[in-house]
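What follows is a single structure, written as structure tokens, with notes after it.
Protein chains in written order, with the numbering used here: chain A, 11 to 303; chain B, 748 to 1017.
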């Protein structure tokens, strides 16, 4: 069996307060999560349950207190080089134009034709004519597209997404969701002929990597979004010490349109089943927040 | 704010009113005395606008001998600004990225910043002589801290998300410095550009005033020695206009270099 793209085993994250070392907060505990190569997995859970913590651990930005992370069978040390990360909040460098932002990663890795590739990616996310704009001159949706191009330009094998569309209005959001699905599915079709377009490291080809669909770990609090986009939806309990408490395989055929798929009976069945389990946790999380406040 | 086009006649009119008022009050024999016993006293203390403007005219046109002094003051200002900014940028980046160094040096920086540094001018005159170097040194001590604190702040306030994103995109420590910390820090430096150029100018003029052989500050010092209040006032006016020109230049440079920063009110009413 091929090693999964991402495997978290027994991961727990405990934060120690800087001012008072006695104060501890365990965000997540006992997390076992695998994302297969080319699989689209969503994690849903109530607000503040530590979903972002989980993603930061997968990205290598955060060291788990206990447990291990493996990427394509290799233990993760430092930044996860095979992953691209789309952040929830603004992550573009404000002093770079859209094009320069998309180029950034390629530039850091010393890719020769960074500009041409970046221009190509900007066109692919529909921003061909906006390369010379600065982030503040772009709308929220356009900035997200730029972020998407920035992440995908590096051709990562794993994409980590932290509620990337939560700040967008509903129409823009559905458009973006469809576009992400298309780009994700498109990767498979494009894979065979254009294997020249690999990440500059070249390591991805060597160690069990495949050039097809990317593995996606998608964090959201929006159940509709999770079901419409994923192969698998994982439910997280309310924090503190959040755990994974349920898992649903989404067997709706692809390609999907996120708006249309919501009308199908299978979607509604899945939604009802997942919501029944999630509802309790949402209420728990809500009560927790009230207590703290 | 209203459009500046419609405001400038008012601004010009106010300037004329001030000068006319000054002229009426200060010129001997124009109005009966009500403040001073002698009608020459007002002009002795406040100077006479006509003579002041005449003095400026002589400086710039008749004798044309002020350009040398202006050039000296300008050179001192620019050198102080350049050296102070470079040092401040370097020190700010270093301390912001090295918690140990900043921890050790923190009380000293606080002390150095709290010290009234103008008082160093006599020491600098002893160290560097009465020439250019002592004025530049004074300006540098003033500019350094402005730039230093802004760079320090700029590095500390880099958005953690932008930083994390750059790291995920594969930036190493050097690339983070060059592509994230430095642009963020320079934006803070530019936001303090008006202050630091102004302080470099203050350092140059004060340095000249305390002891020198050329520069506009020197002219003022000379005139004061002979109670030539008109020349002192003329010197002050020239310095003021000069500072305004410098400030406008800085504004222009800022606008060109900081075009990535959002500006309020980009719409136009038609």
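Built from N, CA and C at the ideal position, the CB exists for glycine as well.
Residue i and residue j look like a contact to me (Cβ under 8 Å); what is the Cβ gap, rounded to whole Å?
i	j	result
residue 836 of chain B	residue 898 of chain B	5 Å
residue 949 of chain B	residue 889 of chain B	7 Å
residue 85 of chain A	residue 47 of chain A	Residue 85 of chain A to residue 47 of chain A, Cβ: 17 Å. No contact.
residue 43 of chain A	residue 280 of chain A	Contact doesn't hold; Cβ gap of about 20 Å is too wide.
residue 131 of chain A	residue 114 of chain A	Their Cβ separation, rounded to whole angstroms, is 12 Å, which puts residue 131 of chain A and residue 114 of chain A out of contact at 8 Å.
residue 53 of chain A	residue 246 of chain A	6 Å
residue 789 of chain B	residue 783 of chain B	6 Å
Measure from the alpha carbon of residue i to the alpha carbon of each residue in the options, then state which is nearest.
i	options	result
residue 7 of chain A	A:58, A:266, A:100 and A:169	Residue 7 of chain A lies beyond the residue range present for chain A, which begins at 11 and ends at 303; the question has no answer from this structure.
residue 985 of chain B	B:999, B:965 and B:771	B:965
residue 25 of chain A	A:12, A:277 and A:67	A:67
residue 233 of chain A	A:270, A:193, A:277 and A:264	A:277
residue 265 of chain A	A:28, A:40, A:193 and A:275	A:193
residue 133 of chain A	A:23, A:162 and A:146	A:162
residue 883 of chain B	B:914, B:821 and B:797	B:821
residue 40 of chain A	A:56, A:28 and A:18	A:18
residue 993 of chain B	B:920, B:828 and B:919	B:828
residue 291 of chain A	A:231, A:191 and A:28	A:231
residue 954 of chain B	B:810, B:919 and B:819	B:819
Give the range of the beta strand (DSSP E) segment to which residue i is assigned.
i	result
residue 797 of chain B	From DSSP, residue 797 of chain B is part of no beta strand (DSSP E) but of the alpha helix (DSSP H) over 796-804.
residue 155 of chain A	Careful: residue 155 of chain A lies outside any beta strand (DSSP E), inside the alpha helix (DSSP H) at 150-162.
residue 891 of chain B	Run containing residue 891 of chain B: none in the beta strand (DSSP E); it sits in the alpha helix (DSSP H), 879-903.
residue 22 of chain A	16-26
residue 256 of chain A	254-259
residue 862 of chain B	Run containing residue 862 of chain B: none; DSSP gives neither H nor E here.
residue 42 of chain A	34-45
residue 80 of chain A	76-81
residue 54 of chain A	50-54
residue 172 of chain A	168-172
residue 274 of chain A	Note, residue 274 of chain A: premise wrong, no beta strand (DSSP E); not H, not E.
Are residue i and residue j close, meaning C-beta to C-beta below 7 Å?
i	j	result
residue 157 of chain A	residue 96 of chain A	yes
residue 38 of chain A	residue 252 of chain A	yes
residue 979 of chain B	residue 990 of chain B	no
residue 886 of chain B	residue 947 of chain B	yes
residue 951 of chain B	residue 824 of chain B	yes
residue 1001 of chain B	residue 896 of chain B	no
residue 21 of chain A	residue 60 of chain A	no
residue 894 of chain B	residue 934 of chain B	no
residue 107 of chain A	residue 144 of chain A	yes
residue 243 of chain A	residue 258 of chain A	yes
residue 166 of chain A	residue 35 of chain A	no
residue 248 of chain A	residue 294 of chain A	yes
residue 268 of chain A	residue 187 of chain A	yes
residue 240 of chain A	residue 118 of chain A	no
residue 62 of chain A	residue 23 of chain A	no
residue 321 of chain A	residue 909 of chain B	There is no way to answer for residue 321 of chain A, as the model of chain A reaches only from 11 to 303.
residue 127 of chain A	residue 173 of chain A	no
residue 116 of chain A	residue 110 of chain A	no
residue 762 of chain B	residue 771 of chain B	no
residue 45 of chain A	residue 65 of chain A	no
residue 943 of chain B	residue 877 of chain B	no
residue 1007 of chain B	residue 105 of chain A	yes
residue 190 of chain A	residue 238 of chain A	no
Residues in its own chain within less than 6 Å of residue i by CB, not counting five upstream and five downstream?
i	result
residue 968 of chain B	956
residue 981 of chain B	799, 802 and 803
residue 216 of chain A	Note that residue 216 of chain A has pLDDT 37, beneath the 50 cutoff, so the model's placement of it is unreliable and the number below is only indicative. No residues qualify anywhere along the chain.
residue 151 of chain A	178 and 182
residue 155 of chain A	135 and 137
residue 169 of chain A	94, 224 and 226
residue 774 of chain B	795
residue 766 of chain B	796
Note down, in chain order, each residue of its chain lying with its Cβ closer than 7 Å to the Cβ of residue i, except the 5 sequence neighbours on either side.
i	result
residue 867 of chain B	885 and 888
residue 842 of chain B	848, 849, 852 and 899
residue 219 of chain A	A caution first: residue 219 of chain A carries a pLDDT of 40, below 50, which makes its placement in the model unreliable, though a value can still be read off. 82 and 167, listed in sequence order.
residue 1004 of chain B	937
residue 977 of chain B	794, 795, 798, 799 and 802
residue 129 of chain A	109 and 141
residue 286 of chain A	none
Note down, in chain order, each residue of its chain lying with its Cβ closer than 8 Å to the Cβ of residue i, except the 5 sequence neighbours on either side.
i	result
residue 300 of chain A	none
residue 840 of chain B	898, 902, 924, 928, 929 and 932
residue 89 of chain A	69, 70 and 71
residue 860 of chain B	892 and 896
residue 939 of chain B	893, 894 and 897
residue 816 of chain B	961, 962, 963, 965 and 966
First and last residue of the alpha helix (DSSP H) that includes residue i?
i	result
residue 980 of chain B	976-1004
residue 956 of chain B	940-957
residue 820 of chain B	813-844
residue 113 of chain A	108-118
Say the cut is 6 Å; is the CB of residue i nearer than that to a heavy atom of the ligand GTP?
i	result
residue 763 of chain B	Because no ligand of any kind appears in the structure shown, any question about the ligand GTP cannot be addressed here.
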